[in-house]
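Chemist: My questions will all concern the structure given below.
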Amino acid sequence: MIIAPSLLAANFGRLGGEVARVNASGAEWLHLDIMDGHFVPYISFGPVVVKTLRPLSRLFFDVHLMCSKPAILLEPFAQAGASQLNIHVELGDAVTPLLWRIKSLGKRVGLVVNPPTSVALVEPFLAQIDHLLIMTVNPGFGGQSFIYEMLPKIQQAAAWRRERNLSYSIAVDGGVDFKTAVECAHAGADTFISGTTLFGQRNLGAAVRKLRKLVEAPSLEGRGCHKRAAGEGS
Ligand code: DX5
Ligand code: ZN
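According to the numbering used here, the sequence shown holds residues 565 to 798 in order.
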């Protein structure tokens, strides 16, 4: 299981210190949300910030490009120190060349699917990717509520991975807290991106340990919630 705190929820007035907190927390990845004010309404930060943070950490830098034209950004983020570049399947015909470009830059290849988009759209790309990110909120802002209707997408992604003997990781992003993460783990997710929940804790290390323990041993309580969400129970 991989825990990936999302820097979007950090204090931007002291980003270096926030990265140091993540370094010491036991998390494996740092999730970096790039928003262009077009694909999503908000603007976050660019390659210069990633490049500035890179020497401060040995963490895996997971760059999530919520951008209409990622083609012009792949190389700058690769050079800035991204470990993985994620692009959105909603970009249509652009997706195949973008995935190849990421691979040619020597980075891990990630594909993202938004809540309103059918998971069937990612199916043709499964053999090409290292990572599948299932958005569990509509992208653009932190602190939103988890959309439970996304759980079947995780189950489908896990089923495809099993049936086809593939090895892409399955991540969830948006509204991931101590309860929804358990639901996602039951459904088959192995990578948990969390902003508000983790950065909101005074002790980030304790929060990461708690989240890891929960997703590695999903609780009965979590299972009950999953049943309700899937419409199988009360
Ligand atoms: C949402 C971003 C997320 C965000 C998650 O558009 O892609 O990575 O930081 O934040 P929380 O955990 O607060 O929902
Ligand atoms: Zn993200």
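Don't be surprised by glycine CBs; every beta carbon is placed ideally from N, CA and C. Given the structure is predicted, the values throughout are model-derived calculations rather than measurements.
#1: Could you check the C-alpha separation between V586 and Y712 for me, to the nearest Å?
#2: Here's a check: name, in chain order, each residue in its chain whose Cβ is nearer than 8 Å to the Cβ of L730, leaving out the five neighbours to either side.
#3: Can you tell me whether S589 is buried or exposed, with buried defined as 16 or more other CB within 10 angstroms of its CB?
#4: Could you tell me if the beta carbon of Q708 falls within a distance shorter than 8 Å of some heavy atom in ligand 1?
#5: Under the three-state reduction of DSSP, which class applies to R773: helix, strand or coil?
#6: For a test of the three-state rule: what should DSSP assign to I693, helix, strand or coil?
#7: Residues near ligand 2, CB to any non-hydrogen atom under 5 Å, in chain order?
#8: Using the beta-carbon count (16 or more within 10 Å), is V612 buried or exposed?
#9: Is A573 near ligand 1 - that is, is its Cβ less than 8 Å away from at least one heavy atom of it?
#10: To the nearest angstrom, how far is it from the Cα of G706 to the Cα of S758?
#11: If you count every other CB in all the chains shown that lies within 10 Å of the CB of P688, and 16 or more means buried, which is it?
#12: Would the beta-carbon of V686 be found less than 8 Å away from any heavy atom of ligand 1?
#13: Does DSSP classify G759 as helix, strand or coil?
#14: So the beta strand (DSSP E) A735 belongs to, where does it begin and stop?
#15: In chain order, what residues of the same chain have a beta carbon less than 8 Å from the beta carbon of R773, not counting five sequence neighbours either side?
#16: Helix, strand or coil: which one does DSSP assign to D657?
#17: Below 8 Å, is the gap between the Cβ of T616 and the nearest heavy atom of ligand 1?
#18: Pairing CB atoms from the region 692–699 with CB atoms from the region 661–680, are three or more of them under 8 Å?
#19: Between the region 595–609 and the region 629–649, do three or more beta carbon pairs fall short of 8 Å?
Modeler: Inspection of the coordinates gives the following:
#1: 27 Å
#2: L690, A691 and W724
#3: buried
#4: yes
#5: helix
#6: coil
#7: D597, H628 and D737
#8: exposed
#9: yes
#10: 9 Å
#11: exposed
#12: no
#13: coil
#14: S733 to D737
#15: G590
#16: helix
#17: no
#18: yes
#19: yes
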